[in-house]
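Below is one structure, written out as structure tokens; comments come after it.
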């Protein structure tokens, strides 16, 4: 993982801080945030500069020279409308500011935690700073390390006592998200199913229980989905089973992740091929869960957490699964594969069956499952489906706390008709005339949970970006690692 800066807090006056850059907030309408007036006067300005590229919108930045001051520069960062301020805006602003400075400054201080003056604001600012500093450099012959080493958050003295816990949570959550980013961003020739399984084993071994099923074990256990999807690839599938067992757990849950390390679409080849490079990100569900497990041993989560990581590469070849093939799962369900590019649900079915057999209190699967979810709610949000209202509310609340937008989408029963097969129990795609592809995918998955309280997070839009923004990096975003951690922390 890329080197992230150290984050500290201080209650000192900003005029006493000797740093390369001081970051201060500005709201829409040139409304100055805490410390902004002092910073502007120090550089000889009586008001926020009028600049066409800086209006105080969320994430906008403007750099000002500060000769003769304890800070080499002043950076103004936009927070949007004052009456819409929340911790998510603080996180976004911190991420945008740090991202703009990570290669040009060594030490940075910011007054962003003062704008809301809460422990939550301290955590959000720290998370934003850490996530904004992230850069993937592992595949470069000569990595260009970031200069930034230290970020200081100016906090009110009344909150100094609670700041340590806020920083602990921020670092835990941000590093979990960055672990997920690293896995998604890694070139697919370096991170096939076997390599991901080895990486997870090395990362988590001795901290949580890790068990890896190879192709022979998968055949013995009748994990038909993984074997079917991997049939066209020279790289064999893997199932990685994880267990985190705290003392005296209050509940047990299972996280099931889709981990297609590269998705060509199989025989049903993707179109257009010019967009296929993003398909290294089709293992975003597994990546987020690995990030969560990297954080669990240092967390205060009191829930026993299981995971089923379903890893395969989906490629076309003479041995690949054909449209109209039928696969038989360990629970006896038969599925007609009508589209080999709807492969995520095939591998998740294996994981969901195993999770249901584990007799946990709840199952949550995480998957880059459908393009349809982006058409429904855009690329910035997570689609949430559930068969249990309490679990649904918990996850939506966790997403709001994490600043990872999520939206409830329906599982209408009439859409199940589109999954009826002429030759098998189910088909793996719905009726095109019905549409609602994201809901149909959820209905397919629901079949395999055996009535266990369950939720499905479709992250196909939110887990990948074509450009960086605020605290979110280009390519893998690491969403929804922080939502899952917030949910587990609340539950325990």
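Residue numbers (the working numbering): 121 to 612.
The beta-carbon is built from N, C-alpha and C at its ideal position, and this holds for glycine as well.
Cβ pair residue i, residue j closer than 8 Å
i	j	result
residue 192	residue 186	yes
residue 411	residue 487	no
residue 504	residue 575	yes
residue 360	residue 130	no
residue 234	residue 141	no
residue 463	residue 383	yes
residue 229	residue 125	no
residue 523	residue 207	yes
residue 377	residue 349	no
residue 492	residue 557	yes
residue 455	residue 543	no
residue 423	residue 611	yes
residue 312	residue 596	no
residue 609	residue 421	yes
residue 306	residue 600	no
residue 573	residue 508	yes
residue 538	residue 460	no
residue 197	residue 276	no
residue 482	residue 351	no
residue 244	residue 194	no
residue 466	residue 345	yes
residue 495	residue 529	no
residue 324	residue 290	no
residue 389	residue 436	yes
residue 515	residue 607	yes
residue 588	residue 310	no
Cβ-based neighbour list, residue i, same chain, cut-off 6 Å, excluding 5 preceding and 5 following
i	result
residue 147	176, 199 and 202
residue 546	455 and 539
residue 248	211, 214, 215 and 591
residue 399	382 and 383
residue 521	606
Host beta strand (DSSP E) of residue i (start-end)
i	result
residue 339	First-last for residue 339: 335-340, but that is the alpha helix (DSSP H), not the beta strand (DSSP E).
residue 428	423-434
residue 247	Element bounds for residue 247: not the beta strand (DSSP E) but the alpha helix (DSSP H), 239-252.
residue 567	It is not in any beta strand (DSSP E) - residue 567 carries neither H nor E in the DSSP assignment.
residue 198	191-198
residue 135	It is not in any beta strand (DSSP E) - residue 135 carries neither H nor E in the DSSP assignment.
residue 272	270-274
residue 578	574-578
residue 182	181-185
residue 456	454-457
8 Å contact criterion, which residue i and residue j should meet: CB distance rounded
i	j	result
residue 190	residue 182	Rounded, the Cβ-Cβ distance is 20 Å, inconsistent with contact.
residue 226	residue 184	With 8 Å as the limit, residue 226 and residue 184 do not qualify as a contact, their Cβ atoms being about 18 Å apart.
residue 127	residue 246	5 Å
residue 535	residue 519	Actually they do not touch by this definition, with Cβ atoms about 24 Å apart.
residue 308	residue 335	Between residue 335 and residue 308 the Cβ distance is about 19 Å, and since that is not below 8 Å, they are no contact.
residue 296	residue 605	6 Å
residue 564	residue 586	The pair is not a contact, with the Cβ atoms about 28 Å apart (cut-off 8 Å).
residue 532	residue 559	6 Å
residue 292	residue 367	That pair is no contact at about 19 Å.
residue 426	residue 339	So it is not a contact: roughly 22 Å between Cβ atoms.
residue 316	residue 381	6 Å
residue 143	residue 232	7 Å
residue 476	residue 569	5 Å
residue 158	residue 135	7 Å
Continuous alpha helix (DSSP H) stretch holding residue i: start and end
i	result
residue 367	Note, residue 367: premise wrong, no alpha helix (DSSP H); not H, not E.
residue 303	280-305
residue 464	464-477
residue 220	207-221
Neighbourhood of residue i by C-beta, 8 Å cutoff - its chain only, sequence neighbours within 5 removed
i	result
residue 137	130, 190, 191, 229, 272 and 274
residue 582	499, 500, 501, 502, 524, 525, 597, 599 and 600
Cutoff 7 Å; reference residue i; Cβ partners in own chain excluding five residues on either side
i	result
residue 139	191, 227, 228, 229 and 272
residue 321	330 and 332
residue 236	205, 207 and 210
residue 541	456 and 547
Counting pairs of beta carbons, one from the segment 582-592 and one from the segment 490-507, are three or more of them closer than 8 Å?
-> Contact between the segment 582-592 and the segment 490-507 is present, because at least three Cβ pairs lie under 8 Å.
Using 8 Å as the Cβ pair cut-off and three pairs as the minimum, do the segment 421-430 and the segment 466-476 touch?
-> With the cut-off at 8 Å, the segment 421-430 and the segment 466-476 touch.
How about the segment 283-302 and the segment 238-246: do they share at least three Cβ pairs that are nearer than 8 Å?
-> In short, these stretches touch, since the Cβ pair count reaches three.
Would you check if there are 3 or more beta carbon pairs closer than 8 Å linking the segment 435-451 to the segment 359-373?
-> They do not touch, by the three-pair rule.
So, do the segment 570-586 and the segment 254-263 have three or more beta carbon pairs nearer to each other than 8 Å?
-> No: the two stretches stay apart, fewer than three of their Cβ pairs being nearer than 8 Å.
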